[in-house]
Amino acid sequence: MERRQDAILRQSTNDLLKGIDIRAGLTRGGTFKRGVIPRHLGALAGSLQSTLMGSTAISGTGENSYVMVIGELKGGDRVRFVWGGANAPYAPAIHYGFDSYPGTFWRDDAAAKWQGYVRAATARAKVQIP
2 MERRQDAILR QSTNDLLKGI DIRAGLTRGG TFKRGVIPRH LGALAGSLQS TLMGSTAISG
62 TGENSYVMVI GELKGGDRVR FVWGGANAPY APAIHYGFDS YPGTFWRDDA AAKWQGYVRA
122 ATARAKVQIP
């Protein structure tokens with residue numbers, strides 16, 4: 002049961018983070034789209050800071066830093082995924098909006114899809130892990 006639980010946790014977390022759309026922002030010829038990390042200045046997607054606090058302590062920074070963290074993730078561990086920091090201090094403004102810019106809410110939209118990712122990962126784990 003623990004193997005299946007860990008597999009579901011890893012797969013659903015991976016699918017959630019992998020499912021966040023990253024595309025050109027308004028200043029790079031793109032259009033506004035809710036749920037998207039826009040590449041306005043190039044550093045926002047790469048500012049992801051992934052941290053595992055649990056059975057193993059791992060952290061990394063970069064667009065794909067979550068892969069290393071998820072590989073070690075087990076039930077009961079705590080993880081943290083944050084965009085911004087010194088590389089992209091404007092992340093909250095892009096996410097929540099400012100002035101006439103409405104915000105893209107990529108974290109909120111990804112979180113709203115969490116149950117679907119868990120259901121899909123559960124179905125796969127039931128087949129792959131007896």
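Quick note on this note's numbering: the sequence shown kicks off at 2 and runs consecutively. Just so it is clear, CB atoms sit at the ideal spot from N, CA and C, and this is done for glycine as well.
Close beta carbons around residue i, own chain, < 7 Å, minus the five adjacent residues each side
i	result
Val119	Ile9 and Ser13
Gln83	Before going on, a small fix: residue 83 reads as Val here, not Gln. The residues are Gln50.
Ala58	none
Phe106	Arg35, Gly36 and His96
Glu64	Ala46, Gly47 and Leu49
Arg125	Gln12
Asn88	Ala44, Gly47 and Ser48
Assigned exposure category for residue i - 16 Cβ within 10 Å defines buried
i	result
Ser101	exposed
Val128	exposed
Arg81	exposed
Arg79	exposed
Ile38	buried
Arg11	buried
Ser60	exposed
Strand pairing of residue i, partner residues [DSSP]
i	result
Arg79	Met54
Ile38	Ile23
Gly47	Paired residues: none, contrary to the question.
Thr14	None, per the DSSP bridge assignment.
Ile130	In the DSSP output, where bridge partners are listed per residue, Ile130 has none listed.
Ile9	Looking at the DSSP assignment, Ile9 forms no beta bridge with any residue, so it has no partner.
Ser60	Thr52
Close beta carbons around residue i, own chain, < 8 Å, minus the five adjacent residues each side
i	result
Lys114	Leu17 and Gly20
Contact set for residue i: own chain, Cβ-Cβ below 6 Å, skip 5 residues either direction
i	result
Thr123	Ile9
Segments assigned alpha helix (DSSP H), at least 4 residues, entirely inside the stretch 68-122: 92-97 and 107-113
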